[in-house]
Amino acid sequence: MSSDLAAYGKAHISTGIGRQTDFVFEEGHGSYVTTADGTRLLDLSSGIGVVNVGHCHPTVTKAAQEQCAKITHAQVNIAFSGPQLRLLQDLEGIMPSKELDTFFLANSGSEAIEGAVRIARQSTKRQNIIVPDVSEDEMVDYCLKRLRMLLDQETAPRDTAAIFLEPVLGEGGYVPAPPAFIRGIRDICDEHGILFVADEIQSGFGRTGKMFAMEYSGVVPDLMTIAKGIANGFPLSAVVGKKKFMDAMPPASLGGTYTGNAVACAAAQAVLRVFREEKVLDNVAARSKQLFDGLAAIRQKPHGKLIEDVRGKGLMIAIQFTSPTKEQVRGCVVKGCAERNMILLSTSIFDVVRIIPPLTISEKEMDDAIRILDESIADAAKQLAA
Ligand SMILES: Cc1ncc(COP(=O)(O)O)c(C=O)c1O
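Numbering follows the working numbering, with no gaps: position 285 of the sequence shown is 859.
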């Protein structure tokens with residue numbers, strides 16, 4: 575039955591969707607998903623950093639169910655939406671600065687980025703956008719110098735609307751930006767009237783141990799994009815920013831039929847309630863330490879030599895491998911985890927796997943995850959040596 579469905583998917587879903595496995599997910603509860611044939615998998619992916627309070631958290635599910643019976647589509651160009659306004663009141667309270675008080679809600683991370691580009695261009699009347707490479711700790715001065723050279727030689731400040739930065743680089747390999755680099759970018763933006771846009775789509779909503787990763791640097795961005803964990807799987811995203819920039823937009827220049835969907839907003843309000851009631855950030859701190867300690871112990875073993883680096887913050891953690899042969903190690907490790915009923919994600923082109931479990935993962939589940947990683951890396955070492 576599940577293999578029939580998977581076969582149908584292979585025949586009828588565009589190859590444009592890359593897919594790591596042919597599992598057919600049917601249920602998800604807490605840190606586990608269950609497939610159509612009844613296999614239970616420990617999920618270290620959270621659906622790419624989305625179900626931060628676990629699959630189908632009862633509080634979130636109940637809020638969405640109740641909202642479904644009231645109104646599902648409260649179109650934002652026609653009227654205000656109660657669920658949206660109540661969510662914004664709560665979101666305002668968790669922003670890293672009181673200056674970030676004006677919102678535009680959308681459905682996906684990409685739409686939030688697109689909205690931020692439009693807001694930056696409209697409020698500066700400039701076109702160009704810079705997305706700098708993230709700096710490593712010892713390279714901060716050099717990287718800031720390169721950025722200044724870019725503004726001298728390739729995109730003049732008078733043409734540059736914004737600098738976009740992920741405070742912890744996601745698809746680029748899970749590299750946290752050093753606070754000094756973030757502060758340096760803030761200075762450059764202030765000197766030239768360029769907007770600083772923090773992309774917190776993957777790093778936000780508790781993923782790095784604080785509600786937003788920008789809090790580690792103390793820097794306040796002009797705009798911030800948020801998505802993924804905001805509604806724990808319901809499609810919702812936002813641009814939040816300083817009022818003077820957000821209100822540079824004339825009416826009808828932002829929007830979309832489904833933006834700020836009522837059910838997604840009710841779910842997002844429930845997510846924030848779970849964060850408060852279950853002290854989710856305390857769990858992130860404890861499980862992060864457990865994971866870093868577990869990975870440090872694996873590195874002491876003979877197969878631990880395959881690990882070149884372990885980095886990240888909170889529960890946004892990457893293992894980079896040494897790639898001793900032409901073959902990347904990550905494929906073997908991801909496959910080994912799948913064979914042991916655990917979902918692990920790789921990261922774009924790099925020989926890196928990323929560990930982004932639900933932030934509510936228990937101590938026992940994390941112990942299981944570390945054991946499965948250990949066994950899968952040991953298997954990979956044997957296969958690569960053969
Ligand atoms: C940092 C970051 N920005 C933007 C996006 C795009 O978000 P979406 O896939 O919801 O369009 C992603 C998705 O992974 C992301 O990680």
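All C-beta atoms in this analysis are idealised placements derived from N, C-alpha and C, irrespective of residue type, glycine included.
A check of alpha carbon separations from Gly656 across Asn857, Met916, Ala840 identifies Ala840 as the nearest. DSSP places Ser577 in the uninterrupted alpha helix (DSSP H) bounded by 576–586. When DSSP states are grouped into helix, strand and coil, Gln902 belongs to the coil group.
Going by beta carbons, Ile693 and Val813 fall inside the 8 Å limit. Cβ neighbours of Thr799 within its own chain (closer than 6 Å, five residues either side excluded): Ala686, Ile687, Ala690, Asp773, Ile775, Val813.
Rounded to whole angstroms, the gap between the alpha carbons of Leu739 and Ala960 is 42 Å. Contact annotation: the segment 824–839 touches the segment 796–811, with at least three C-beta pairs closer than 8 Å. For Ser682, the Cβ falls inside the 7 Å cut-off from some heavy atom of ligand 1. It is roughly 14 Å from the alpha-carbon of Met890 to the alpha-carbon of Leu869. Beta-bridge partners of Pro750 (DSSP): Val742. Secondary-structure assignment with DSSP links Gln874 through no beta bridge to anything. Relative to the non-hydrogen atoms of ligand 1, the Cβ of Ile737 never comes closer than 7 Å to any of them. Rounded to the nearest angstrom, the gap between the Cα atoms of Ser588 and Ser682 is 20 Å.
With fewer than 16 neighbouring CB atoms inside 10 Å of its own CB, Glu712 falls in the exposed class. Taking 7 Å as the cut-off, one finds at least one heavy atom of ligand 1 near enough to the beta carbon of Ala801. Beta-bridge analysis with DSSP links Ile893 to Val884, Val927.
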